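The numbering of the sequence shown is full-length UniProt numbering, which starts it at 1 and goes up by one.
Ideal placement from N, C-alpha and C gives every residue a C-beta, glycine not left out.
Being a predicted model, the structure only gives us computed values, none of them experimental.
Structure record follows, encoded as structure tokens.
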Amino acid sequence: MTAETELRCASVCRHLVVQAASAGSSDPVEVSRVLLFIFAVTVFVILLELTLHHFEHKWKDKPKYGDMLHKTTQELMIVGLIYLLVKFCMYAGIVAKGGLAYQAMDAADLLILFTVMSMVVQSVCIFLRLKRTQRELDEVAILSASDVLRDATASQEASTSQSRFLPCLSSAQEWSRQEFRCQIKLLGQFFLHVYKLPQLFSFAKYIQDVQETQVSHLIEIDITIWVFLMGLYAAFFALTGELFDGAEYKAKEAKRLTIFALFAYLLLLAMVLLLVYLKHLVQVLLQHAAVAAMPTDTATSPSHGHTNLRQPKHLFAALQNVVCLEDQAQFEPADDAIERMRKIAEELLDTSAVDPHGGDHGPSSMWLCFRHDMLCQLLGSGLRKLQGHSHKKPHLDVASPMHAVHLPYFSRKFTHFLIQLLLIVNGFYYALWVNCIMYIDGFRVVAALKMVGMVLPLVVNTFVLAPQLVKQFSVVNGTWRVNAKHLSDLVESFAEVESMKKQMVMQILTHLHHHSKSLGDLETALKIAANASAATDRGYVDMEVVRRVLKQFGFKFARRKFHSFVRLEFHTRGTAIRYADVMRLLRATEAAESSRCYHYMV
């Protein structure tokens with residue numbers, strides 16, 4: 001009886017909701033109906049607020065991701081204001097509800113809404129796809145060149161010996177992962193060589209910062225880009241023959257399918273060609289890096305400058321030279337290395353302190369409006385080059401024993417603009433597909449398959465090509481032209497991490513005092529973790545396991561800062577450290593810090 005009553009109540013609720021949503025337009029609006037929809041909207045707003053607060057809390061230590069979230073909410077706010085404007089025009093009687101002007105405004109609002117939403121979703125997808133690359137860069141920052149070479153060689157040998165049993169796709173993915181790690185190590189040594197940076201500097205974390213900045217810019221749609229999208233929209237309907245014929249906006253024209261397919265697959269082709277070009281530029285940089293890593297007597301031989309580093313044996317040979325350079329590098333105290341990096345960063349900041357937009361433009365509101373517009377920046381740079389007033393910025397053609405790096409037909413600003421433009425156009429095509437294409441052939445199985453074929457190149461662009469474009473461009477851009485701000489921020493983070501040593505001791509000693517424990521308890525926990533660890537070397541334990549154990553004893557630092565701390569203080573073997581070194585550090589500073597810790601607790 002209870003189940004029957006529940007079913008009857010659920011049926012009544014469904015009936016009320018359907019009746020509220022589908023009542024005739026001539027019926028008067030009831031208070032109960034408005035209240036029902038106010039409740040629904042309020043629930044949606046609460047869920048959205050909770051989601052935003054969750055991401056704000058999660059990314060509070062990652063300003064670039066927070067900036068990305070801010071840009072997302074900013075774009076959505078603009079779309080909401082446009083919808084508010086449409087409603088205001090309707091209620092003010094400027095346009096009649098259901099009239100042609102109202103329908104046109106509503107269609108325009110929906111197109112902009114879907115464009116912004118598709119850009120947001122596309123950026124999130126790219127961000128999630130690049131999480132693996134970010135993890136790879138985190139690992140490479142910890143590993144030495146010998147560790148990377150050992151892992152890559154073992155992976156290649158295993159793939160060769162078991163190729164008949166392993167799927168080709170899995171082997172290709174694993175080699176792509178190992179190849180990227182080798183490339184980062186090779187380019188990292190090249191970067192250190194050119195800018196005279198110490199071995200302590202983490203090139204992988206520098207590229208990670210460049211890549212995060214690139215991802216955070218994907219949501220931005222500049223004023224000139226909106227104008228371009230409007231022209232692209234007009235071009236689409238001009239090619240279908242509907243622009244000047246008074247055709248209906250929701251018409252089911254078969255020509256639309258052909259033109260849209262042409263647009264989508266041309267965009268796919270453009271992104272493939274750009275990706276091939278960027279991979280070629282990475283190979284050019286690797287060639288220079290391989291030459292720079294060679295011993296002096298062999299680097300001058302012309303036969304050594306044109307090896308194919310796509311082949312594992314040549315890449316491993318170049319990385320072996322990097323291993324030798326790391327082994328031969330003289331030990332430098334962390335404080336001295338940080339001070340040297342800080343001086344180099346300051347020199348680069350002074351070099352790039354010239355206004356990149358060409359002089360003092362005054363407080364003109366028009367200039368401020370277009371100052372950060374990428375197309376305007378690109379046109380301004382081209383104009384300055386034509387006038388012979390281009391600004392010199394720090395890049396790799398500094399005095400060095402190798403040939404100056406020349407990347408054929410490469411312009412950093414133009415390539416950045418092109419990548420962003422292609423991704424924005426890809427998002428715009430999603431909106432065009434939803435608004436003007438999806439409904440043309442109805443929703444039969446054959447029609448649905450045809451629609452999937454139409455949107456397939458856009459999906460490939462989003463999930464396959466776009467992450468690779470961002471990844472490859474970040475490597476090329478970060479290596480060929482140093483970003484002085486990222487370099488300076490990374491140096492300061494090293495300086496901050498150096499001060500973590502005293503903070504770590506204070507936190508752990510405070511925790512031990514409050515819980516009536518000693519360093520012996522911490523050592524016991526580390527021994528247990530070492531015995532349970534998968535590390536093959538006795539006494540070594542994975543640094544993530546160490547971080548979790550230290551967290552139980554009051555150590556509260558983020559993973560990335562802890563990795564930098566380990567890089568500064570301990571010798572690593574792969575991703576493992578010797579727990580005895582951790583205890584030695586704690587005991588060495590316990591006497592000096594215990595009195596200060598006691599004063600802090602009192």
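Proximity to F473 [Cα-Cα], best of M105, D335, L130: As a working mapping, residue 473 is identified with position 473 in the sequence shown. When the alpha-carbon of F473 is set against those of M105, D335, L130, the nearest one is in L130.
Look at the alpha carbon of L273 and the alpha carbon of T479, and state the distance between them as a whole number of angstroms. Along the sequence shown, read from residue 1 onward, the residue named residue 273 stands at position 273. Along the sequence shown, read from residue 1 onward, the residue named residue 479 stands at position 479. Rounded to the nearest angstrom, the two C-alpha atoms are 21 Å apart.
Cα-Cα separation between F180 and L315, rounded to whole angstroms: The residue you call residue 180 lines up with position 180 of the sequence shown. The residue you call residue 315 lines up with position 315 of the sequence shown. Near 11 Å, if we compare the C-alpha coordinates of L315 and F180.
Which full runs of the alpha helix (DSSP H) of 4+ residues lie inside the region 95 to 159, going along the chain? Listed in chain order, they are 100 to 129, 131 to 142.
Could you say if the region 140 to 154 and the region 81 to 98 meet the contact criterion of at least three C-beta pairs nearer than 8 Å? No, the region 140 to 154 does not touch the region 81 to 98.
Are any of the Cβ atoms in chain B nearer than 8 Å to that of L349? Protein chains in the displayed structure number just one, and chain B is not present.
Which of helix, strand or coil does DSSP assign to A251? Walking along the sequence shown from the start, residue 251 turns up at place 251. Coil, per DSSP.
Report the rounded CA-to-CA distance for F414 versus F39, giving the unit in angstroms. Counting from 1 along the sequence shown, the entry for residue 414 is found at position 414. Counting from 1 along the sequence shown, the entry for residue 39 is found at position 39. Their Cα atoms are separated by approximately 49 Å.
If I measure Cβ to Cβ from F570 and keep anything under 6 Å in the same chain, skipping five residues before and after, which residues do I get? For the purposes of this step, residue 570 is identified with residue 570 of the sequence shown, where counting begins at 1. Residues I577, D581 of the same chain have their beta carbon placed closer than 6 Å to that of F570, with the five preceding and five following residues left out of the count.
Whole angstroms is fine: what's the gap from L269's alpha carbon to P457's? As a working note, residue 269 is residue 269 in the sequence shown. As a working note, residue 457 is residue 457 in the sequence shown. In this structure, the straight-line span from the alpha carbon of L269 to that of P457 is close to 9 Å.
How is the beta strand (DSSP E) around D542 delimited, first residue to last? To locate residue 542, count along the sequence shown from 1; it is residue 542. Annotation for D542: the continuous beta strand (DSSP E) segment containing it runs 540 to 542.
Span separating the alpha-carbon of K185 from that of L522: As a working mapping, residue 185 is identified with position 185 in the sequence shown. As a working mapping, residue 522 is identified with position 522 in the sequence shown. In this structure, the straight-line span from the alpha carbon of K185 to that of L522 is close to 35 Å.
Measuring only the C-alpha atoms, how far is R412 from V291? Counting from 1 along the sequence shown, the entry for residue 412 is found at position 412. Counting from 1 along the sequence shown, the entry for residue 291 is found at position 291. Rounded to the nearest whole angstrom, the C-alpha separation of R412 and V291 is 24 Å.
Nearest to F191 (by Cα), restricted to the options R567, N477, M506, D489: The residue given as residue 191 occupies position 191 in the sequence shown. Ranked by Cα distance from F191, the options R567, N477, M506, D489 are led by N477.
Is A576 helix, strand or coil by DSSP? The residue you call residue 576 lines up with position 576 of the sequence shown. DSSP places A576 in the strand class (E or B) of the three-state scheme.
Buried or exposed, going by whether 16 or more other CB atoms sit within 10 Å of the CB of Q330? Here residue 330 refers to the residue found at position 330 when the sequence shown is read from its first residue. Exposed, since its Cβ has fewer than 16 Cβ neighbours within 10 Å.
CB Y206 to CB L490, shorter than 8 Å? Working through the sequence shown from its first residue, we reach residue 206 at position 206. Working through the sequence shown from its first residue, we reach residue 490 at position 490. Between Y206 and L490, the C-beta gap is smaller than 8 Å, which places the two residues in contact.
For the region 416 to 427 against the region 214 to 224, are there 3 or more C-beta pairs whose distance is under 8 Å? In the pairwise beta carbon analysis, the region 416 to 427 is classified as touching the region 214 to 224: at least three pairs are separated by under 8 Å.
Alpha carbons only, please: which of V124, L379, A558, Q189 is nearest the one belonging to E326? Here residue 326 refers to the residue found at position 326 of the sequence shown. Considering only V124, L379, A558, Q189, the residue with the shortest C-alpha distance to E326 is Q189.
I need the straight-line Cα distance from L585 to V505, nearest angstrom please. Within the sequence shown, numbered from 1, the residue matching residue 585 stands at position 585. Within the sequence shown, numbered from 1, the residue matching residue 505 stands at position 505. Across the structure, L585 and V505 are spaced so that their CA atoms are roughly 9 Å apart.
Between S202 and A141, which are expected to be in contact by the criterion C-beta below 8 Å, what is the C-beta distance as a whole number of angstroms? Position 202 of the sequence shown, counting from 1, holds the residue named residue 202. Position 141 of the sequence shown, counting from 1, holds the residue named residue 141. Indeed, because the Cβ distance is near 5 Å, the residues count as touching under 8 Å.
Candidates E248, T307, A495: closest to D336 by CA position: Position 336 of the sequence shown, counting from 1, holds the residue named residue 336. The option with the nearest alpha carbon to D336 is A495.
C-beta contact flag for L348 and L187 at 8 Å: On the sequence shown, residue 348 is found 348 positions in, with the first residue counted as 1. On the sequence shown, residue 187 is found 187 positions in, with the first residue counted as 1. In this structure, L187 does not lie closer than 8 Å to L348 by Cβ.
When the Cα atoms are used, what is the spatial distance from S118 to L85? Here the question's residue 118 lines up with position 118 in the sequence shown. Here the question's residue 85 lines up with position 85 in the sequence shown. Roughly 22 Å between the two C-alpha positions.
Is the beta carbon of P198 less than 8 Å from the beta carbon of M341? Here the question's residue 198 lines up with position 198 in the sequence shown. Here the question's residue 341 lines up with position 341 in the sequence shown. Yes, the pair counts as a contact, with Cβ atoms nearer than the cut-off.
What is the residue span of the alpha helix (DSSP H) that W480 lies within? As a first step, residue 480 must be located in the sequence shown, where it is residue number 480. Note, W480: alpha helix (DSSP H), 466 to 480.
Using a 10 Å radius around the Cβ and a threshold of 16 neighbouring Cβ atoms, would you call V452 buried or exposed? Against the sequence shown, residue 452 aligns to sequence position 452. V452 counts as exposed, since fewer than 16 other beta carbons sit within 10 angstroms of its beta carbon.
Going by C-alpha to C-alpha distance, which of I78, L512, Y195 sits closest to K343? As a working note, residue 343 is residue 343 in the sequence shown. Among I78, L512, Y195, the Cα nearest to that of K343 belongs to Y195.
Let's test the definition: count the other Cβ atoms within 10 Å of the Cβ of A101 and tell me whether it reaches 16, buried, or not, exposed. Within the sequence shown, residue 101 is the residue found at index 101, counting from 1. Classification of A101: exposed, given that the 10 Å Cβ count is below 16.
Rounded to the nearest angstrom, what separates A289 and V282 at their Cα positions? Position 289 of the sequence shown, counting from 1, holds the residue named residue 289. Position 282 of the sequence shown, counting from 1, holds the residue named residue 282. Between A289 and V282, the alpha-carbon positions lie close to 10 Å from each other.
Return the CA-CA distance between Q103 and R384, expressed in angstroms with no decimal places. As a working mapping, residue 103 is identified with position 103 in the sequence shown. As a working mapping, residue 384 is identified with position 384 in the sequence shown. The straight-line gap from Cα to Cα measures roughly 46 Å.
Integer Cβ distance of F260 from M68, believed to fall under 8 Å: Within the sequence shown, numbered from 1, the residue matching residue 260 stands at position 260. Within the sequence shown, numbered from 1, the residue matching residue 68 stands at position 68. About 30 Å separates the Cβ atoms of F260 and M68, ruling out a contact at the 8 Å cut-off.
Determine the direct distance from the alpha carbon of L286 to that of L81, and round the result to whole angstroms. Mapped onto the sequence shown, residue 81 falls at position 81. Mapped onto the sequence shown, residue 286 falls at position 286. One C-alpha to the other measures close to 49 Å.
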